[in-house]
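Notes follow the structure.
Numbering (our numbering), first residue to last: 1129 to 1982.
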């Protein structure tokens, strides 16, 4: 047997920036990992600048390719005596820090957080003294314990400066100090190499080979140049020395690495790789424990509160089916150690209710009877066909998603409660990654390439969407541009490549991450654009990929309007018979006049069914009960429309109503159970998941992966990989290929935007409540809408005109009669509590008048 060996050196790239080093890195994380695996690298590091924003995506890609990943970050270090924003001079150097273990990762995350929060958003400063002699609060970060530290000398380097830096570096980082050698075919690379090797030998610091990688292939150089031009704010042709001199900052072959570096310098990359055993997937964090009363465990407390809530929800006795489901959910929650998460959400909702802030959970949480019993959601899952696996699944191993809507005018109170209770060291908002969108990317790349500004403006205004350079060239041709012109082709190619690149981090609309200990040791935290807010460097997809949980504290204008309407009605009509104020539960169900109004599409101002598209559907669908409203909310969406569900569903409703000949049929008895409530037509995401389980043999976890693929299809593709599994699974179970292909096309339609039944069920509650108020209390309804602006589809003037059409007397704003907000006034002969009030407009509607002046 002949021994197998390679003359190519083992190599791990330890200095690599993705496109989360904004306008520096020219490749996505998965491109870097895939290319490193192709080249046979032993491993790779992610070292975005003062950031771990790209680390989760790099982790997911590395897991998929079986490639070891080191988590790190790069920093520009300035001399102590240089003021921020000034030229650092020859004393500046680069620093790569690599986490050896969980403790080192925590130190790295905390260092990034410290420096980001001490600077304006999007910037940072790091001096040598901060590393060798940090202030007392960060004394534990001195020398960055449990991290390898690699000094990256400036180019070109001065021998005396380098020698002093290496001496300081060795004293600060000890045996973890390394001296990085970057060889990029620059004019002075030879002299640089000799100076670095000499300094390392004098000071006893080992040298490690680095690639200073910013792109996975050399073909990305043109894109990198355009990004540089965008960053410095001038066309590529004028960027001069700001541009990289060549394309060497790509992942190079191991043969090329072997030609550029000494064997021991290459070997050092693998030695560091082997010494770093931290895996981002091993991150675990604990939710606060102060929410659990003394003497109780989280498991016992959650069980206690759930059954106490169930007794309130089911005053006639808890049905056995519900008890069984509660036990099933609690057991699964306990196995996954999610009790503190549920209790944290419960605590936030309890606080809101104690402050008389209207709130309602929605999303997949509406599938949970535990959430219903805790008062987090208002939809009884026992009355729906929603999948609990859509919410939480042991097989999936990912955290549940609980969205809670609060009155939009009072949500800030809830946010400040969270900060006040847990502290800003333990609570922060998730990030939202702002990416380059079609019009913006056309403007930025066109400007960078020196295209005539008037042409750039015309082209950008005419292109709302494109998918790839070929598609863009066709659109260019339709607007009179010659797609054969080199500049136009380059513009199309680079715009298509930069499309969807991350541009900067902004804050999520309300996704909070709350921890028991310091959040900054779990994930870097930085300042948000809004004063007093902090945001972590990971978005919701990153958190989901790592199995970390967030609480969505969202704002909903209709909740503000409903709360105001309930208060106004109580003040005008008096309290209920039990002496309590009027609330959501007091609205009569299945009110015929309300549904008559809905069927007439008389829904200006009504939640979710006020748009022109919804209004055109209402007389055709003619909702007569709550579940009809659930369908109504969902069916006017791109998913059902592009999936071809609308007309078949309406036709079947007419058949059931006896208005049309025909029969409602189902492909099988198994699918009838899934689709019977929507007459054999899939309307909701959950139904698509159930079809995959019942008809194609998916497990619940696989079905949820399909759901997430549908949600991300427009951005990432990935849906076609399910095609064969769905088709083959359905053929095996006796369905025709034609039907199977039809189902897959419907699934693709849902990829455009399919509404979950769990969302629709929560929204339909509010749609009905607002409809009832409009029907029976039109004056109160319009006054509450006016006092809750901005919200909804219609301007105040349109709302007022609609109210007048419904017989509401509206008095103009009057400095002698009006308050800041709209109010109710009694009409002659119609005093409260039985008379119909008029509405007096508030001074808030007077343009240019501030509340203080009023």
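Heads up, the beta-carbon is just placed ideally off N, CA and C, and yes, glycines get one too.
Treat the numbers as computed from the prediction; the structure is a model and nothing was measured.
- As for any alpha helix (DSSP H) of minimum length 4 sitting wholly inside the segment 1289 to 1372, the runs are 1317 to 1331, 1349 to 1360, ordered along the chain.
- A straight line joining the alpha-carbon of residue 1163 with that of residue 1344 spans about 6 Å.
- Rounded to whole angstroms, the Cβ separation of residue 1338 and residue 1310 is 5 Å, and the two are in contact under 8 Å.
- Shown here, residue 1655 sits in a strand according to DSSP, grouped into three states.
- Judged by beta-carbon spacing, residue 1498 lies within the 8 Å limit of residue 1454, meaning their Cβ atoms are closer than that value.
- By a beta-carbon distance limit of 8 Å, residue 1562 contacts residue 1632. Their separation comes to about 5 Å.
- Of the residues 1965, 1957, 1746, the one whose Cα lies closest to the Cα of residue 1904 is 1965.
- Between the alpha carbons of residue 1161 and residue 1666 lies a gap of roughly 19 Å.
- Here the C-alpha atom of residue 1686 lies approximately 30 Å from the C-alpha atom of residue 1944.
- Contact between residue 1810 and residue 1821 fails: their C-beta atoms lie close to 13 Å from each other, not under 8 Å.
- In the three-state scheme derived from DSSP, where H, G and I count as helix and E and B as strand, residue 1396 is classed as helix.
- Sorting 1299, 1371, 1429, 1402 by C-alpha distance to the C-alpha of residue 1458 places 1429 at the top.
- The Cβ neighbour count for residue 1639, taken over all protein chains shown within 10 Å, is at least 16; the residue is labelled buried.
- Distances from the CA of residue 1245 to each of 1486, 1556, 1152 were compared; the closest alpha carbon is that of 1556.
- Excluding sequence positions up to five before and after residue 1232, its CB lies within less than 6 Å of the CB of 1274, 1275, all in the same chain and listed in chain order.
- Using a Cβ distance threshold of 8 Å, residue 1216 and residue 1206 count as a contacting pair.
- For residue 1630, there is no enclosing alpha helix (DSSP H); the enclosing beta strand (DSSP E) has its first and last residue at 1630 to 1642.
- Between residue 1894 and residue 1735, the beta carbon gap of about 5 Å places them in contact (Cβ cut-off 8 Å).
- Between the segment 1316 to 1328 and the segment 1284 to 1294, the count of Cβ pairs shorter than 8 Å is three or higher; the stretches touch.
- Of the candidates 1796, 1803, 1885, 1788, the residue whose Cα lies closest to the Cα of residue 1835 is 1885.
- In this structure, the CA atom of residue 1970 is about 5 Å from the CA atom of residue 1947.
- Contact check between the segment 1686 to 1698 and the segment 1574 to 1593: fewer than three CB pairs, one atom from each, fall below 8 Å, which does not count as touching.
- As DSSP reads the structure, residue 1939 sits in a beta bridge with 1968.
- Within the segment 1200 to 1245, the runs of beta strand (DSSP E) that reach at least 3 residues and sit entirely inside it are, in chain order, 1221 to 1227.
- Counted as a single uninterrupted DSSP element, the beta strand (DSSP E) harbouring residue 1171 occupies residues 1171 to 1174.
- Counting along the chain, residue 1501 sits inside no beta strand (DSSP E); it lies in the alpha helix (DSSP H) bounded by residues 1497 to 1501.
- Two segments are said to touch when three or more pairs of C-beta atoms, one from each, lie closer than 8 Å; by this definition the segment 1660 to 1676 does not touch the segment 1575 to 1582.
- Counting of Cβ neighbours within 10 angstroms places residue 1707 among the exposed residues, the total staying below 16.
- Taking a cut-off of 8 Å for Cβ pairs, the segment 1563 to 1572 and the segment 1615 to 1630 touch, as three or more such pairs fall below it.
- For the set 1791, 1256, 1230, the Cα lying nearest the Cα of residue 1203 is the one of 1256.
- Residue burial annotation: residue 1175 is buried, with at least 16 other C-beta atoms found within 10 angstroms of its C-beta.
- Note: residue 1489 is bridge-paired with 1505, 1532 in the DSSP secondary-structure output.
- The shortest C-alpha to C-alpha distance from residue 1300 to any of 1312, 1267, 1324 is the one to 1267.
- For the pair residue 1924 and residue 1914, the CB atoms are nearer than the 8 Å cut-off.
- Nearest Cα to residue 1278 within the set 1298, 1312, 1307: 1307.
- Distance check between residue 1144 and each of 1333, 1191, 1397 places 1397 closest, using alpha-carbon atoms only.
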